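Protein chains: 2
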Amino acid sequence: MTQSQPPDATTRAQLIRSACRLFAAHGYAGASISAIARELGLSKQALLHHFGTKSTLYALALEQTSAALLQLLFEAMEEDRPPEDQLERFFARFLAYTQADAAPAQLLMRELLDHARPPDGQASPAFATLLESLVATVQATEKWQQAGVSAALSVVAQLLGAAPMVFTAQTALQALFGAPTLAGAQEHSARIFSDLVSQTLRG
Amino acid sequence: MTQSQPPDATTRAQLIRSACRLFAAHGYAGASISAIARELGLSKQALLHHFGTKSTLYALALEQTSAALLQLLFEAMEEDRPPEDQLERFFARFLAYTQADAAPAQLLMRELLDHARPPDGQASPAFATLLESLVATVQATEKWQQAGVSAALSVVAQLLGAAPMVFTAQTALQALFGAPTLAGAQEHSARIFSDLVSQTLRG
DNA sequence: CAGGCAACCTACCGAATGGTAAGGGCACGT
DNA sequence: ACGTGCCCTTACCATTCGGTAGGTTGCCTG
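Taken in sequence, the protein lines are chains A and B. Its first residue numbered 1, the first sequence is counted upward by one per residue in the numbering used here. Its first residue numbered 1001, the second sequence is counted upward by one per residue in the numbering used here.
Okay, here's the thing in structure tokens:
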């Protein structure tokens, strides 16, 4: 059993975090375990020793990412404010978090994009709780409470898609528009997006 | 020279379109030429005969996708309406187009997400014209003309990220929320997103 | 009919992929 | 001193990757 937690859980978490970066940057298929191991300074077999399988490493990366995003959500919801405020706070923090580390948002986007489950058959409930909570909170909103689940899902998807783009697309946008313009866009993104959120959630 | 256009350009375009679907669904690294060929009902070597290289096939897929999206943009801009109307029309058509075929939007998102150029070194100006035109049009807007390129870029990125999510994330969302709810969300998305666009561009 | 040309095939290549087997070093508690 | 367990290693495996070489079909034109 390689997955007993006792041995050096902190190193393990750091390994997973690095794996997150690589998976986020290149996708599941594009990030080979050899490449990940190389970036970590150890051999491919060492990685396999720790995690056994590429897909379980990926699952752990998703799990850690999902946990981080869920914590953002819970922090934003802990006071009993109106749901609009909770959502605004969550998305604001999500944006700030993504600015500091784009990997979680990139993983989320990739996981939403990919058609094939990775690659065994199990459905990935990785971000299920996050998405369901967001949908539920949108449904609790005054503006959307009459509109049903579908409308709330549509709202959540659009907001989640809009929020982190300037950071998840960093490399591509920088190649096209240059570093200074991109940096400026990233600075503006918080204000622009917060307006977008509030106008979507309120009327 | 395999790439002279005369021989059977229509079949060739269909091959590229199918390749688009596969690349969109699995990403560049995740879609092997053997898999693409299998899905097309011919051998891997036949594909290689036509296109020579996986990366050139991918480049052609990007090119075709970019051309389709650019045509959407030009159709939306051909009359000399105010830029707000042009953008609203473009995004509305982009959404409808994505509803009919999600592959282009997925390819765009993936291309924006991926850090590594595929995998030779050349910068991909695939969607450069599209993005630059959108940014320029946003800058022509009354609300954003004072704000500079960075703000316009941020707006474009957020809108492009928001628009197609309900369709590009179709598989994942369907697994989480079920087909009926997803279908409802897709129906609502046009109205919700058009509000989002107009509120962002006007305000 | 001859030739060419595009399409497609079988067969094969080196390299890289994910993964297994077996063992060595090294700290630990007894 | 001695095992025990963790970490990491070398060596190896079958499979698949992208790509090359050479040959075979069938159509279309001279």
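Cβ atoms here follow ideal geometry from the backbone N, Cα and C, with glycine treated the same way. Note that the structure is a prediction, hence the values are computed from the model and not measured.
Note to self: Please give me, in chain order, every unbroken run of the alpha helix (DSSP H) with length at least 4 that falls completely inside the stretch 114-164 of chain A.
What the structure shows: Runs found: 128-139 and 148-162.
Next item on the list: Under the assumption that H115 (chain A) contacts A1183 (chain B) (Cβ atoms under 8 Å), give the Cβ distance between them as a whole number of angstroms.
Entry: Actually they do not touch by this definition, with Cβ atoms about 18 Å apart.
Checklist line | Close beta carbons around A1096 (chain B), own chain, < 6 Å, minus the five adjacent residues each side | finding: Nothing meets the Cβ criterion.
Note to self: So if I threshold CB-CB distances at 8 Å, which residues from the stretch 1155-1177 of chain B count as touching chain A?
What the structure shows: Taken in chain order, the members of the stretch 1155-1177 of chain B whose beta-carbon sits within less than 8 Å of a beta-carbon on chain A are V1155, A1157, Q1158, L1159, L1160, G1161, A1162, A1163, P1164, M1165, V1166, T1168, A1169, T1171, A1172, L1173, A1175, L1176 and F1177.
Check: Given that E1039 (chain B) touches chain A, what residues does it touch there, using C-beta distances under 8 Å?
Finding: Against E1039 (chain B), chain A offers no close residue; the least beta-carbon distance is about 13 Å (beta-carbon pairs closer than 8 Å).
Check: Tell me which same chain residues have a C-beta within less than 7 Å of the C-beta of L1130 (chain B), skipping the five on either side of it?
Finding: These residues qualify, in order along the chain: S1066, L1069, L1070 and L1073.
Margin query: Counting only C-beta atoms, is S1189 (chain B) closer than 8 Å to chain A at any point?
Written below: Judged by the 8 Å Cβ criterion, S1189 (chain B) is in contact with chain A.
Check: Below 8 Å between beta carbons: does that hold for A1190 (chain B) and A1092 (chain B)?
Finding: A1092 (chain B) sits close to A1190 (chain B), with the two beta carbons spaced by under 8 Å.
Check: How far does the alpha helix (DSSP H) with R38 (chain A) in it reach, from first residue to last?
Finding: Membership of R38 (chain A) in the alpha helix (DSSP H) is indicated by the continuous run I33 to L40.
Note to self: If I measure Cβ to Cβ from L159 (chain A) and keep anything under 7 Å in the same chain, skipping five residues before and after, which residues do I get?
What the structure shows: Contacts found: F91, V197 and T200.
Next item on the list: Using three-state DSSP, classify M1187 (chain B) as helix, strand or coil.
Entry: Reading off the sequence, residue 1187 (chain B) comes out as Glu, not Met. Helix at E1187 (chain B).
Next item on the list: Determine whether the Cβ of F23 (chain A) lies closer than 8 Å to any Cβ atom of chain B.
Entry: No - not a single Cβ of chain B is within 8 Å of the one on F23 (chain A).
Note to self: At a CB distance below 8 Å, what residues from the stretch 1087-1116 of chain B approach chain A? Give them in sequence order.
What the structure shows: Hits within the stretch, in order: Q1106, M1109, R1110, E1111, L1112, L1113, D1114, H1115 and A1116.
Check: Where A35 (chain A) and L48 (chain A) are concerned, what is the direct C-alpha to C-alpha distance, given to the nearest angstrom?
Finding: Near 12 Å, if we compare the C-alpha coordinates of L48 (chain A) and A35 (chain A).
Notebook entry, point to check: Beta-carbon of L1134 (chain B) versus every beta-carbon of chain A: anything under 8 Å?
Noted result: For L1134 (chain B), the nearest beta carbon of chain A is not closer than 8 Å to its own beta carbon.
Next item on the list: State yes or no: is the beta carbon of G121 (chain A) nearer than 8 Å to at least one beta carbon in chain B?
Entry: Because G121 (chain A) sits at a pLDDT of 49, beneath the cut-off of 50, its placement in the model cannot be relied upon, and the point is left open.
Item checked: Buried or exposed (CB count within 10 angstroms, at least 16 for buried), A1100 (chain B) -> Label assigned to A1100 (chain B): exposed.
Item checked: Rounded Cβ spacing between A1185 (chain B) and S150 (chain A) (contact assumed at less than 8 Å) -> Under the criterion of beta carbons closer than 8 Å, A1185 (chain B) and S150 (chain A) qualify as touching, at roughly 4 Å.
Checklist line | Closest residue to L1112 (chain B) among A:R81, A:F167, A:Q145 and A:Y58 (Cα-Cα distance) | finding: Considering only alpha carbons, the answer is A:F167.
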